[in-house]
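Q: Heads up: the sequence shown at position 17 corresponds to 17 in the working numbering, and the numbers run straight through without jumps.
Next up is a structure, given as C-alpha cells.
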Amino acid sequence: MKSVTKYKAADGEIFDSAKKCREYENLIKKVNEVMKSLGPIPRDKGCRWANGEGYLQHDLNDIADAKTALVVLGCEYLQIDKSPGSISFNWIGRYFDDSRVLPLYIAWGRLSNCDDKGREWGQMFYALHPEEGKQVPFTE
C-alpha cells in the first residue's frame, strides 16, 4: 500500500500538489477582490431573493469594472490567449463553465444576474425579464 497526499483549498476543492492548491487559493482571493464592490449576496432569505422579490442595486461602473477584471483574470488563470476586448462576457462564461473552476464561474453567474440598470437579481431570468420581478431593492 502507498499513502497519497492531497491538498484541500479553502472552498473544499482538492489538489494533488501544494503549488496548484496555492495558485487556486490565490485565484479565490483575486475573484473576491473583483467582486468586493458588489457586496455580499443575501444568504438567510436568499430563496425569496432568488424568486424575484427584489434586487440589489449596484453602480453600473462597478459592474462593468468587475466584468472586465473577471475576464482578464479568467483568461490569465486559464491561459486563454484572448485580449479582454476580443471575447464577450457571455462567451467567457462558457470557458469558465467548461474549465470547472468554480470561483470564476460563480462570479460570472452573479454578474450575469445584473440587468442594464445595475440591478442584481437572484437569478438570470429576472436580469433578462426585470418586469417579472418585484421592483424594489431587496432587504433582508
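Beta carbons are placed, not taken as given, at the ideal position from N, Cα and C, and that holds for glycine.
Under DSSP, the alpha helix (DSSP H) around Lys29 begins and ends at which residues?
A: Counting from 1 along the sequence shown, the entry for residue 29 is found at position 29. Per DSSP, Lys29 belongs to the alpha helix (DSSP H) from 18 to 35.
Q: Check the DSSP bridge columns for Glu131 and list the partner residues they point to.
A: Taking the sequence shown and counting its residues from 1, the one referred to as residue 131 is at position 131. According to DSSP, which records beta bridges pairwise, Glu131 is partnered with nothing at all.
Q: Give me the Cα-Cα distance between Trp108 and Ser88, rounded to the nearest whole angstrom.
A: For the purposes of this step, residue 108 is identified with residue 108 of the sequence shown, where counting begins at 1. For the purposes of this step, residue 88 is identified with residue 88 of the sequence shown, where counting begins at 1. About 12 angstroms.
Q: Do you know offhand how far Glu132's Cα is from Trp121's?
A: Against the sequence shown, residue 132 aligns to sequence position 132. Against the sequence shown, residue 121 aligns to sequence position 121. Taking the straight line from one Cα to the other gives about 11 angstroms.
Q: Select from Ile28, Leu27, Ser3 the residue whose C-alpha is nearest the C-alpha of Asp16.
A: If you number the sequence shown from 1, residue 16 lands on position 16. If we check each option's Cα against that of Asp16, Ser3 comes out closest.
Q: Just tell me which of Ala10, Ile41, Ile14 has its CA closest to the CA of Asn26.
A: As a working mapping, residue 26 is identified with position 26 in the sequence shown. Looking from the CA of Asn26, the closest CA among Ala10, Ile41, Ile14 belongs to Ala10.
Q: Can you find the residues in the same chain that come closer than 8 angstroms, C-beta to C-beta, to Pro130, ignoring five residues on each side of it along the sequence?
A: For the purposes of this step, residue 130 is taken as the residue at position 130 of the sequence shown. Here the set comprises Tyr55, Asp115, Lys117, Arg119, Trp121.
Q: Report, in whole angstroms, the separation of the C-beta atoms of Pro40 and Phe138, which I expect to be a contact under 8 angstroms.
A: Residue 40 sits at position 40 when you count from the first residue of the sequence shown. Residue 138 sits at position 138 when you count from the first residue of the sequence shown. Rounded, the Cβ-Cβ distance is 12 angstroms, inconsistent with contact.
Q: Here's the rule I'm using: 16 or more other beta-carbon atoms within 10 Å means buried, otherwise exposed. How should Asn111 be labelled?
A: In the sequence shown, counting from the first residue as 1, residue 111 sits at position 111. In the sequence under discussion, the amino acid at residue 111 is Leu, which differs from the Asn named in the question. So Leu111 counts as buried.
Q: Please classify Met1: is it buried, with 16 or more other beta-carbons within 10 angstroms of its beta-carbon, or exposed?
A: Along the sequence shown, read from residue 1 onward, the residue named residue 1 stands at position 1. When all chains shown are included, Met1 counts as exposed.
Q: Just tell me which of Glu53, Tyr95, Asn113 has its CA closest to the CA of Leu73.
A: As a working note, residue 73 is residue 73 in the sequence shown. The candidate whose alpha carbon is nearest that of Leu73 is Tyr95.
Q: Does the distance from the C-beta atom of Leu70 to that of Val101 stay below 7 angstroms?
A: In the sequence shown, counting from the first residue as 1, residue 70 sits at position 70. In the sequence shown, counting from the first residue as 1, residue 101 sits at position 101. Cβ atoms of Leu70 and Val101: not closer than 7 angstroms.
Q: Expressed to the nearest angstrom, what Euclidean distance is found between the alpha-carbon atoms of Arg48 and Thr5?
A: The count along the sequence shown starts at 1 and reaches residue 48 at position 48. The count along the sequence shown starts at 1 and reaches residue 5 at position 5. The straight-line gap from Cα to Cα measures roughly 42 angstroms.
Q: To the nearest angstrom, how far is the alpha carbon of Cys75 from that of Gln57?
A: Translated into the one-based positions of the sequence shown, residue 75 becomes position 75. Translated into the one-based positions of the sequence shown, residue 57 becomes position 57. Each residue's Cα considered, the two are about 28 angstroms apart.
Q: Residue ranges of each alpha helix (DSSP H) run of no fewer than 4 residues wholly in the stretch 32 to 80, ordered along the chain?
A: 46 to 50, 60 to 78
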